[in-house]
Amino acid sequence: MTLSITSTVTLNNGLQMPVFGLGTWRSEPGKVKEAVEYALKHGYRHIDAAHCYENQEEVGAGIKASGVPRGDVFVTTKLWNTHLRPDAARELFAQILSDLGLDYVDQLLIHWPCPFAKSAQLHPKGEDGALQLDAGADLGETWRAMEGFVADGRCRSIGVSNCSEEQVKMFAEAGKIKPATNQVEIQPYFNNAALAASCKSQGVHVVAYSPLGNYDPTKDLPSALKDPVITDLAKKYSKSPAQVIIRWHLQNGETVIPKSVTPSRIVENSQVFDFELTADEVAAIDALGARNFRTCNPRYAPGGALVWPNDTTVFDD
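In the UniProt record's numbering, the protein residues as written are 1 to 317.
Right, here's the structure in full:
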């Protein structure tokens, strides 16, 4: 399998998307601009952003400062849950473009299929402290509004995130455009294999977020980075555990977007194209998914329930 930092996948609309990129979720404020600039200057060509990360101005500044032509950078961003009615989505998308300082983005996703009440707050709460949801929102209408962004040239492709097999099918049938991608949690301890296979069978490309597992090292969570299967392979190939995991994602046909604001780590994460795991080694990492530890499962469902109530969860706030 020959891959490079500039390798791309052809999405279902014909658009080429780099299979490796820089994530910006939970990146330290004040360091995102430099991280994006540094990554692009060192070969990255895909930047993943979102309104709720609250750092899109830095992302846009980093893209501009890098000197890399805009047409050579694939920019993904996401609508947030508070703006999932059509008019609100149009309003937020205009703000997103302004924050990024861009005329268009390469991909726009629905971040979560979980509509909240419209608010300037990311997590609007009532007097009782409960998250305020918008039960009347029609996500099919939201999707058709997003198709309008493609039609007017401000967005080159649209997709979803955190969607189940049934939800992906719903969006595919909601309008004229099928979701190009579904961005979901995939990592060795939660490989989301059934959903990934379903998406691929529908022609929907899978993007892996939180690809290394424990996104927050301050929390004592199960970490695949310390798993003997991973560490033994790291020793064999003279690579870091993170590099082994990133390579595993790529060989499984997923786009992977590890985040970092540390220059040395940004470069290290990209140095995964000079070795290849064997089929048995890929299968050994796949088998770690039996632990079924989902690290991101917020309480965005009615009644404060988990989005995925049947999964073992180590993060639910």
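Positions of the beta carbon are idealized from the N, C-alpha and C atoms, including for glycine. Treat the numbers as computed from the prediction; the structure is a model and nothing was measured.
| Check | Outcome |
| --- | --- |
| Under three-state DSSP, which class holds Asp316? | For Asp316, the predicted model reports a pLDDT of 47, less than 50, meaning its position is unreliable; a value from the coordinates is still stated below. If DSSP states are grouped into helix, strand and coil, Asp316 belongs with coil. |
| Measuring alpha carbon to alpha carbon, tell me which of Ala135, Met1 and Ile63 ends up nearest Val73. | Ile63 |
| Between which two residues does the alpha helix (DSSP H) containing Phe171 stretch? | Glu165 to Ala174 |
| Evaluate Asp317 with the Cβ neighbour count: other Cβ atoms within 10 Å of its Cβ, from every protein chain shown; 16 or more gives buried, anything less gives exposed. | Residue confidence is low: Asp317 scores 47 on pLDDT, short of 50, so the model does not pin down where it sits. Its coordinate-derived value is still stated next. Exposed, by the Cβ-count rule. |
| For Arg291, which three-state DSSP category applies? | helix |
| For the beta strand (DSSP E) holding Lys78, just list the boundary residues, first then last. | Phe74 to Leu79 |
| In the structure shown, what three-state DSSP assignment does Thr181 receive? | strand |
| With burial defined as no fewer than 16 other Cβ atoms inside 10 Å of the residue's Cβ, what is the status of Ala140: buried or exposed? | For the record, residue 140 in the displayed sequence is Gly; it is not Ala. Exposed, by the Cβ-count rule. |
| Quick one, are the C-beta atoms of Pro258 and Tyr38 less than 9 angstroms apart? | no |
| Give the DSSP bridge partners of Thr255, in chain order. | Val207 |
| Assign Gln16 to one of two classes, buried (16 or more other C-beta atoms within 10 Å of its C-beta) or exposed (fewer than that). | exposed |
| Between which two residues does the alpha helix (DSSP H) holding Gly60 run? | Gln56 to Ser66 |
| Tell me where the alpha helix (DSSP H) around Ile96 begins and ends. | Pro86 to Leu100 |
| At the level of alpha carbons, what is the spacing between residue 318 and His42? | Because the chain here runs from 1 to 317, residue 318 falls outside it and cannot be looked at. |
| Determine the contact status of Tyr44 and Leu22, defining contact as a CB-CB distance below 9 angstroms. | yes |
| Thinking just about the alpha-carbon of each residue, which of Gly101, Leu40 and Arg90 is nearest to the one in Gly67? | Leu40 |
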